[in-house]
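Asker: Numbering (this note's numbering), first residue to last: 466 to 621. Every residue, glycine too, gets a C-beta built ideally from N, C-alpha and C. Computed from a predicted model, the values in this text were never measured in an experiment.
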């Protein structure tokens, strides 16, 4: 995996189980963005994410801790995915992604904990991606290359 393309982290969730659990390495799926009442810019945000960028997916489990569960790649330009969107649906905005790394959901104790790995609050409050080069993360890691080197050791 080319860790130089690791650019974002995204909050995902499923009320009853692990989100996107059933997609193995190499699988493709639509990565959803929640458009809730009052949310602004979700569609333009999703549309403008660059094809080829890698995204870490972080999600809260039943124990209320956040886990890093996937690394996915955006496989299309936003303009290619947009004709398939249903913007009237809360979850109708998505981007097609390919799985490059996935946690072993049968062994949750081995799934990387978000806070232990990233050692900073990156702002997981909505379903929009956050840059790994964000001020919150860089206040701890100083530069994106240090963070990517650290993540490469975690996601081997």
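Can you name the start and end residues of the alpha helix (DSSP H) that residue 576 belongs to?
Answerer: Counting from 1 along the chain shown, the entry for residue 576 is found at position 111. Looking at the DSSP string, residue 576 is not in any alpha helix (DSSP H), and its letter there is neither H nor E.
Asker: Report yes if the C-beta distance between residue 620 and residue 561 is below 8 Å; otherwise report no.
Answerer: The sequence position of residue 620 within the chain shown is 155, counting from 1. The sequence position of residue 561 within the chain shown is 96, counting from 1. No.
Asker: Assuming residue 473 contacts residue 594 (C-beta within less than 8 Å), just tell me the rounded distance between them.
Answerer: Stepping through the chain shown from its first residue, residue 473 is reached at position 8. Stepping through the chain shown from its first residue, residue 594 is reached at position 129. Their Cβ separation, rounded to whole angstroms, is 4 Å, which keeps residue 473 and residue 594 in contact under 8 Å.
Asker: In chain order, what residues of the same chain lie with their CB nearer than 7 Å to the CB of residue 575, ignoring the 5 residues before and after it?
Answerer: Taking the chain shown and counting its residues from 1, the one referred to as residue 575 is at position 110. 569.
Asker: Can we say the stretch 575 to 586 touches the stretch 540 to 559, given the rule of at least three CB pairs closer than 8 Å?
Answerer: They do not touch, by the three-pair rule.
Asker: Can you tell me the Cβ-Cβ gap for residue 537 and residue 563, rounded? I've got them flagged as a contact below 8 Å.
Answerer: Here residue 537 is taken as the residue at index 72 of the chain shown, counted from 1. Here residue 563 is taken as the residue at index 98 of the chain shown, counted from 1. At roughly 6 Å, the Cβ-Cβ gap stays under 8 Å, so residue 537 and residue 563 are in contact.
Asker: Here's the rule: buried if 16 or more other CB atoms are within 10 angstroms of the residue's CB, otherwise exposed. What is residue 519?
Answerer: Your numbering for residue 519 matches position 54 in the chain shown. By the 10 Å Cβ count, residue 519 comes out buried.
Asker: Give me the Cα-Cα distance between residue 516 and residue 530, rounded to the nearest whole angstrom.
Answerer: Within the chain shown, the letter at position 51 stands for residue 516. Within the chain shown, the letter at position 65 stands for residue 530. Roughly 30 Å between the two C-alpha positions.
Asker: If we ignore side chains and look at the alpha-carbon of each, how far apart do residue 528 and residue 582 end up?
Answerer: On the chain shown, position 63 is the one that residue 528 refers to. On the chain shown, position 117 is the one that residue 582 refers to. One C-alpha to the other measures close to 17 Å.
Asker: Which residues bound the beta strand (DSSP E) around residue 601?
Answerer: Position 136 of the chain shown holds residue 601. First-last for residue 601: 600 to 606, but that is the alpha helix (DSSP H), not the beta strand (DSSP E).
Asker: On a Cα-Cα basis, can you pick out the residue from 545, 611, 585, 609 that is closest to residue 511?
Answerer: Sequence index remark: in the chain shown, residue 511 carries index 46 (1-based). Comparing Cα positions, the closest option is 545.
Asker: For residue 586, collect the residues of the same chain with a Cβ closer than 7 Å to its Cβ; drop the 5 residues on either side in sequence, then sort them by chain order.
Answerer: Sequence index remark: in the chain shown, residue 586 carries index 121 (1-based). Same-chain partners within the cutoff: 601.
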